[in-house]
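Shown next, in structure tokens, is the structure this report addresses.
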Amino acid sequence: MSLPLQIGVTGGIGSGKSIVCQVFSCLEIPVYHADSRAKWLTNHEPEIREKVTDLLGPESYDSSGMYNTSFVASVVFKDEKLLKKLNAIIHPVVMRDTQHWVSEHADSPYVLKEAAIMNAAGQGNSLDYVVVVHAPEDLRIKRILQRDNRSELEIRSIIKRQASDESRKQIADFIITNDETAALIPQVLHLNHQFLEAAKNR
């Protein structure tokens, strides 16, 4: 079975990668939201639940059986070895889920995978290209303040923990500028045309 082209979409918090993916969705391009799917799998996949509980104890899930994010974060962010072990439990299951999802969309010319953390295409993944959505940091902070119930200090701390704009640009095959001066939809339509051509010419 031939699989569709796989395009990664990434960007820092508040860059607008979700809006970019919504525009692609309007063009009937399937989108796999890796971060929200990982959360769903962590809550509902017995294999993950069992291994996480073995690694971090019963407090990893709350009384209603949901993943206890704040407890897990407080434990693993102080201990890099534990964080690596946790990722080694969750990532393979998400990868399997992604591969299954891609095969379900084999009739599409290309599919998108949206994620906050991403490697360059072909670097430990099955991506053909990576699109980075870029916006200036001050604008990103303004957007998140309007959208989320977070303080500016909290937002800056999240941005500091994420990959830098420079390192994201290094993995980019394409960059979409979402700075409220460059029109977004024409950029997406241009990339859509390029990806359809690339899929046709494989």
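Heads up, the sequence shown is in this note's numbering, so the first residue is 10 and it goes up one at a time. Every residue, glycine too, gets a C-beta built ideally from N, C-alpha and C.
Range of the contiguous beta strand (DSSP E) that encloses residue i
{"i": "residue 93", "result": "Counting along the chain, residue 93 falls outside any beta strand (DSSP E), though it belongs to the alpha helix (DSSP H) covering 89 to 113."}
{"i": "residue 198", "result": "Careful: residue 198 lies outside any beta strand (DSSP E), inside the alpha helix (DSSP H) at 193 to 209."}
{"i": "residue 86", "result": "Here residue 86 belongs to no beta strand (DSSP E), and DSSP marks it neither H nor E."}
{"i": "residue 185", "result": "183 to 186"}
Option in the options with minimal Cα separation from residue i
{"i": "residue 138", "options": "36, 178, 31 and 162", "result": "178"}
{"i": "residue 40", "options": "167, 129, 18 and 73", "result": "18"}
{"i": "residue 20", "options": "145, 96, 116 and 201", "result": "145"}
{"i": "residue 65", "options": "85, 47, 55 and 73", "result": "85"}
{"i": "residue 199", "options": "147, 185 and 189", "result": "185"}
{"i": "residue 22", "options": "125, 45 and 194", "result": "125"}
{"i": "residue 197", "options": "12, 11 and 37", "result": "37"}
{"i": "residue 194", "options": "27, 12 and 32", "result": "32"}
{"i": "residue 60", "options": "94, 12 and 140", "result": "94"}
Residues bridged to residue i (per DSSP)
{"i": "residue 15", "result": "120"}
{"i": "residue 53", "result": "Bridge partners of residue 53: none, in fact."}
{"i": "residue 142", "result": "185"}
{"i": "residue 40", "result": "121"}
Residue i beta carbon near the ligand NAD (any heavy atom closer than 7 Å)
{"i": "residue 133", "result": "Summarising the ligand content, the structure contains no ligands, and the ligand NAD is consequently not present."}
Outcome for residue i when other beta-carbon atoms lying within 10 angstroms are tallied against a minimum of 16
{"i": "residue 107", "result": "buried"}
{"i": "residue 25", "result": "buried"}
{"i": "residue 35", "result": "exposed"}
{"i": "residue 113", "result": "exposed"}
{"i": "residue 122", "result": "buried"}
{"i": "residue 43", "result": "buried"}
{"i": "residue 132", "result": "exposed"}
{"i": "residue 158", "result": "exposed"}
{"i": "residue 212", "result": "The structure shown does not extend to residue 212, since the chain is modelled only from 10 through 211, so no value can be given for it."}
Residues near residue i by beta carbon distance below 7 Å, same chain, minus five either side
{"i": "residue 161", "result": "150 and 154"}
{"i": "residue 57", "result": "50, 51, 98, 99 and 102"}
{"i": "residue 128", "result": "134 and 180"}
Endpoints, alpha helix (DSSP H) assigned at residue i
{"i": "residue 22", "result": "Careful: residue 22 lies outside any alpha helix (DSSP H) and carries neither H nor E."}
{"i": "residue 163", "result": "161 to 170"}
{"i": "residue 175", "result": "174 to 180"}
Proximal residues to residue i (C-beta, below 8 Å), its chain only, five neighbours per side dropped
{"i": "residue 14", "result": "118, 119, 120, 137, 138, 204, 207, 208 and 211"}
{"i": "residue 170", "result": "none"}
Contact set for residue i: own chain, Cβ-Cβ below 6 Å, skip 5 residues either direction
{"i": "residue 75", "result": "52"}
{"i": "residue 80", "result": "68"}
{"i": "residue 62", "result": "69"}
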